[in-house]
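Colleague: Before I ask anything, let me first share the structure, which is written out below as structure tokens.
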Amino acid sequence: MTVSASIVIYRTDRDELAGCLECLVNDGIKDIWIVDNSPEASDIEGPEGTSLRYLHLPQNPGYGAAHNRAIRESIAQGFDAHLVVNSDITFPQGTIPGILQLLDADPRVGQVSPRIVGTDGAQQYSQRLLPTPLDVFGRRFLPSSLMRNRNRRYLLAGRDDNAVANIPYHQGSFMLFRNEALREIGGFDERFFMYPEDIDITRRVHRRYLTLYYPAVTVTHAHRASSYKSMRMMWIHCRNMIKYFNKWGWFIDRERRAVNRATLASMGLK
């Protein structure tokens, strides 16, 4: 299968970006879009042998909208798959070919994300249930002691971490899509500037395809959790989550209930 990739940057550290690009190239991905939402343009060069496309969007349309520019080009140019990846992701050689084998073997698979760990090696539980308002706002604003059991359920922390699983929400740091699935659903919903676009897109792919957690490969994510450190980013997060629940439903969301129940049951959880 042929695969392309896109990275959205905003005043991103050059060494961090270089590390991600090196991993992509070492794994055979030569066609890469760098979509720069920074106010100032950068002079970015890819490793030798890379077909690097640099696109500067100083108006900063948002994370999903920026990736959509690359996704549309990837589909138009006939690639079979497209990787949405953050610049703070690194991985060993063989990661992408391993996931592509899974896509190639089963046309029902529309999206895959691997085991994702932090720089300390701890699993980040980046594949989750579809969130309720309590899952999102309770995690942020209620005491952790009150949310402990709820958080474990939402994060699917009780599952077998070594088992492939069909999960409806993949966090956006590393998402490998079948381009046919992206073509069918239309890519990211550009109403979301940042944060819930990954919940929304996985949910829409999950309606038509398998969206798999694939623990046979592991990537490292130097997660910054910006919205927990910046009042501005926290406000952006909350505002866009409100848009998400306005779209899908706050307390009445029958699809969410059915999907989450099926996900838990498939893992032997409640």
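Take the sequence shown: its position 228, counting from 1, is numbered 228 in the numbering used here, and each next residue is one higher. Here a beta-carbon is modelled for each residue, glycine too, at the ideal position from N, C-alpha and C. Predicted, not measured: the structure shown is a model, and the values here were computed from it.
Are residue 55 and residue 84 close, meaning C-beta to C-beta below 8 angstroms?
Modeller: The residue given as residue 55 occupies position 55 in the sequence shown. The residue given as residue 84 occupies position 84 in the sequence shown. By the CB criterion at 8 angstroms, residue 55 and residue 84 fall outside the cutoff.
Colleague: Would you kindly work out how many angstroms separate the C-alpha atoms of residue 53 and residue 31, rounded to a whole number?
Modeller: Numbered from 1 along the sequence shown, position 53 holds the residue referred to as residue 53. Numbered from 1 along the sequence shown, position 31 holds the residue referred to as residue 31. When rounded, the distance between both Cα atoms is 8 angstroms.
Colleague: Assign residue 126 to buried or exposed, taking buried as 16 or more other Cβ atoms, counted over all protein chains shown, within 10 Å of its Cβ.
Modeller: Working through the sequence shown from its first residue, we reach residue 126 at position 126. Looking at its Cβ environment, which holds 16 or more other Cβ atoms inside 10 Å, residue 126 is buried.
Colleague: Say whether the region 248-257 touches the region 127-134, bearing in mind that this needs 3 or more beta-carbon pairs closer than 8 angstroms, one atom from each stretch.
Modeller: yes
Colleague: Can you tell which of 173, 176, 22 has the C-alpha that lies nearest to the C-alpha of residue 47?
Modeller: Your numbering for residue 47 matches position 47 in the sequence shown. Closest option to residue 47, Cα to Cα, is 22.
Colleague: To the nearest whole angstrom, what separates the beta carbons of residue 174 and residue 219, a pair I think is in contact under 8 angstroms?
Modeller: Residue mapping note: residue 174 aligns to position 174 of the sequence shown, counting from 1. Residue mapping note: residue 219 aligns to position 219 of the sequence shown, counting from 1. That belief holds up - the Cβ atoms of residue 174 and residue 219 are roughly 5 angstroms apart, short of 8 angstroms.
Colleague: Just tell me which of 7, 28, 206, 121 has its CA closest to the CA of residue 38.
Modeller: As a working note, residue 38 is residue 38 in the sequence shown. Nearest C-alpha to residue 38: 7.
Colleague: Mapping DSSP to helix, strand and coil, what is residue 135?
Modeller: For the purposes of this step, residue 135 is identified with residue 135 of the sequence shown, where counting begins at 1. Helix.
Colleague: Taking C-alpha atoms, which residue in 110, 268, 13, 217 lies nearest to residue 185?
Modeller: Numbered from 1 along the sequence shown, position 185 holds the residue referred to as residue 185. Across the set 110, 268, 13, 217, the C-alpha of 110 shows the shortest separation from the C-alpha of residue 185.
Colleague: CB-CB under 6 angstroms to residue 172, same chain, minus the five flanking residues each way: which ones, in chain order?
Modeller: For the purposes of this step, residue 172 is taken as residue 172 along the sequence shown, with counting starting at 1. For residue 172, where only same-chain residues beyond five positions count, the Cβ hits under 6 angstroms are 198.
Colleague: Using a Cβ-Cβ cut-off of 8 angstroms (strictly less than) and excluding sequence neighbours within five positions of residue 118, which residues of its own chain qualify?
Modeller: Translated into the one-based positions of the sequence shown, residue 118 becomes position 118. Setting aside the 5 residues that flank it on each side, residue 118 is surrounded in the same chain by 124, 220, 221, 222, 223, each with a C-beta closer than 8 angstroms to its C-beta; the list follows chain order.
Colleague: Taking the alpha helix (DSSP H) that residue 88 falls in, what are its first and last residues?
Modeller: Residue mapping note: residue 88 aligns to position 88 of the sequence shown, counting from 1. Where residue 88 is concerned, there is no enclosing alpha helix (DSSP H), given that its DSSP letter is neither H nor E.
Colleague: Since residue 167 and residue 263 are thought to touch, with beta carbons under 8 angstroms apart, how far apart are those beta carbons, to the nearest angstrom?
Modeller: The residue given as residue 167 occupies position 167 in the sequence shown. The residue given as residue 263 occupies position 263 in the sequence shown. Contact between residue 167 and residue 263 holds: their C-beta atoms lie close to 6 angstroms from each other, under 8 angstroms.
Colleague: Can you give me the start and stop residues for the alpha helix (DSSP H) that residue 203 sits inside?
Modeller: Start at 1 with the first residue of the sequence shown, and residue 203 comes out as number 203. Residues 197-206.
Colleague: At which residues does the beta strand (DSSP E) containing residue 220 begin and terminate?
Modeller: If you number the sequence shown from 1, residue 220 lands on position 220. First-last of the beta strand (DSSP E) with residue 220: 210-221.
Colleague: Given residue 10, which residues of its chain have a CB within under 6 angstroms of its CB, disregarding the five upstream and five downstream residues?
Modeller: Along the sequence shown, read from residue 1 onward, the residue named residue 10 stands at position 10. These residues qualify, in order along the chain: 37, 38.
Colleague: Let me check understanding here. Comparing Cα to Cα, which of 13, 91, 69, 78 lies closest to residue 24?
Modeller: Here residue 24 is taken as the residue at index 24 of the sequence shown, counted from 1. Checked all of 13, 91, 69, 78; the closest Cα to residue 24 is 91.
Colleague: Just to confirm the assignment, what range does the alpha helix (DSSP H) spanning residue 21 have?
Modeller: Along the sequence shown, read from residue 1 onward, the residue named residue 21 stands at position 21. Run containing residue 21: 14-26, per the alpha helix (DSSP H) assignment.
Colleague: Where does residue 141 fall in DSSP's three states?
Modeller: Here residue 141 is taken as the residue at index 141 of the sequence shown, counted from 1. In the structure shown, residue 141 sits in a helix (DSSP, three-state: H, G or I).
Colleague: Does residue 273 come out as helix, strand or coil in the three-state DSSP assignment?
Modeller: Here the chain has residues from 1 to 270 only, and residue 273 is not among them.
Colleague: Relative to the C-alpha of residue 154, which residue among 112, 40, 170 is closest?
Modeller: For the purposes of this step, residue 154 is identified with residue 154 of the sequence shown, where counting begins at 1. From the listed residues 112, 40, 170, the smallest Cα separation to residue 154 is found for 170.
Colleague: Taking only beta-carbon positions, decide if residue 132 is within less than 8 angstroms of chain C.
Modeller: Considering every chain present, this structure includes no chain C. It has just one protein chain.
Colleague: Assuming residue 4 and residue 74 form a contact by the criterion Cβ under 8 angstroms, report the distance between their Cβ atoms to the nearest whole angstrom.
Modeller: Reading the sequence shown from its first residue, position 4 is the one you call residue 4. Reading the sequence shown from its first residue, position 74 is the one you call residue 74. Between residue 74 and residue 4 the Cβ distance is about 4 angstroms, and since that is below 8 angstroms, they are a contact.
Colleague: Give the straight-line distance between the Cα atoms of residue 44 and residue 68, rounded to the nearest whole angstrom.
Modeller: For the purposes of this step, residue 44 is identified with residue 44 of the sequence shown, where counting begins at 1. For the purposes of this step, residue 68 is identified with residue 68 of the sequence shown, where counting begins at 1. Distance from the CA of residue 44 to the CA of residue 68, rounded to the nearest whole angstrom, comes to 20 angstroms.
Colleague: Quick one: grab the DSSP three-state call for residue 245.
Modeller: In the sequence shown, the residue the question calls residue 245 occupies position 245. Residue 245: helix per DSSP, three-state reduction.
Colleague: Name, in chain order, the residues that DSSP records as bridge partners for residue 169.
Modeller: Counting from 1 along the sequence shown, the entry for residue 169 is found at position 169. According to DSSP, which records beta bridges pairwise, residue 169 is partnered with 128.
Colleague: Have a look at 246, 217, 248, 235 and flag the residue whose alpha-carbon is nearest the alpha-carbon of residue 99.
Modeller: As a first step, residue 99 must be located in the sequence shown, where it is residue number 99. Closest by alpha carbon: 217.
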